[in-house]
Structure formats: C-alpha cells, structure tokens
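Residue numbers (UniProt numbering): 1 to 134.
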C-alpha cells in the first residue's frame, strides 16, 4: 500500500482515500495473479479490509478482522472528530493529526520503556507512521 515500506508516498491526504487504498490492494492481487483472497485485518488494516469487502466483494473469499468491528460512516462527523469529542484528544488517532506529536510521544515511550523505537517514515500529512524496534 502507498506510504508503507518501500512503496511510493504521494503527497497530500487526498491521495490516501479508501478508493485509492482499495485500488492498491486490488493492484496487489492483480500483480500476484490472485483472483480472490481470504483477508485478515487488524487495527488500521481492519478498517481498510472492511472497505475492500464493501467496494470489491468479488475479490474476497472471506474476511476476518481482529480488534475492530465494522462501523459505518457516521453523519455526525469523521472518526477523528468523534474520537476527539469523546476522548478529549487523547485517543491515538487524534494524536496522529498533530504534526510532531507522535514523535514526541515516541521519545517519551523510549524513555519510559527503555526500548529504542525510531521513526522510520512519516509523511507530511501524518498518513503513514512505521515504527522499527531495535
């Protein structure tokens, strides 16, 4: 998927819609010559895999998601807006929206746990964040 690992990372949040990300997954299936896949998602991957099943059910045999139940679009606001309202901005999804906040939290995590995690990649829109434990 775009923005992860060695893939391309187009600038701008408008390049990371569910249509784009589902399209990336379909492109992967096509490149692997896989007609239908059994999909397992977790956390952010669960949210993406729900969209894959909604947009392209013809390419999915079955779906198993861990930790995240299906949540349809809420007319009262985006997920981040609602999380901010209910958590006072303390939910991790809210923190991804503030430039530099994740990096400062990561440094604090390293200090508290005596682990070393480094920020490997984070787009200018805070779309992709990859942690590497050393």
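Beta carbons are placed, not taken as given, at the ideal position from N, Cα and C, and that holds for glycine. Here the structure is a predicted model, which is why all the values come from computation and not from measurement.
- Query: Looking at the unbroken alpha helix (DSSP H) that takes in residue 46, where does it start and where does it end?
  - Reply: Within the chain shown, the letter at position 46 stands for residue 46. Membership of residue 46 in the alpha helix (DSSP H) is indicated by the continuous run 44 to 55.
- Anticipated Cβ contact below 8 angstroms, residue 2 with residue 30, distance rounded: The residue given as residue 2 occupies position 2 in the chain shown. The residue given as residue 30 occupies position 30 in the chain shown. For residue 2 against residue 30, the beta-carbon gap comes to about 15 angstroms, at or over 8 angstroms, which does not count as contact.
- Message: Quick test of your reading: residue 32 and residue 49, contact by CB under 8 angstroms. State the CB separation rounded to the nearest angstrom.
- Response: What you label residue 32 is simply residue 32 of the chain shown in a count that begins at 1. What you label residue 49 is simply residue 49 of the chain shown in a count that begins at 1. With 8 angstroms as the limit, residue 32 and residue 49 do not qualify as a contact, their Cβ atoms being about 16 angstroms apart.
- Query: Where in the segment 3 to 84 do unbroken runs of the alpha helix (DSSP H), each at least 4 residues long, occur, reported from the N-terminal end onward?
  - Reply: When DSSP assignments are scanned along the segment 3 to 84, the uninterrupted stretches of alpha helix (DSSP H) that are 4 or more residues long and fall wholly within it turn out to be 18 to 31 and 44 to 55.
- Task: Please name the residue, chosen from 12, 59 and 54, that lies closest to residue 71 on a Cα-to-Cα basis.
- Result: Numbered from 1 along the chain shown, position 71 holds the residue referred to as residue 71. When only C-alpha atoms are compared, the closest one is 54.
- Kindly list the residues whose CB is nearer than 8 angstroms to the CB of residue 91, restricted to its own chain and excluding five residues on each side of it in sequence; keep chain order. One-based indexing of the chain shown puts residue 91 at position 91. Close CB contacts of residue 91 within its chain, under the 8 angstroms cut and outside five residues either way in sequence, are with 83 and 84 (chain order).
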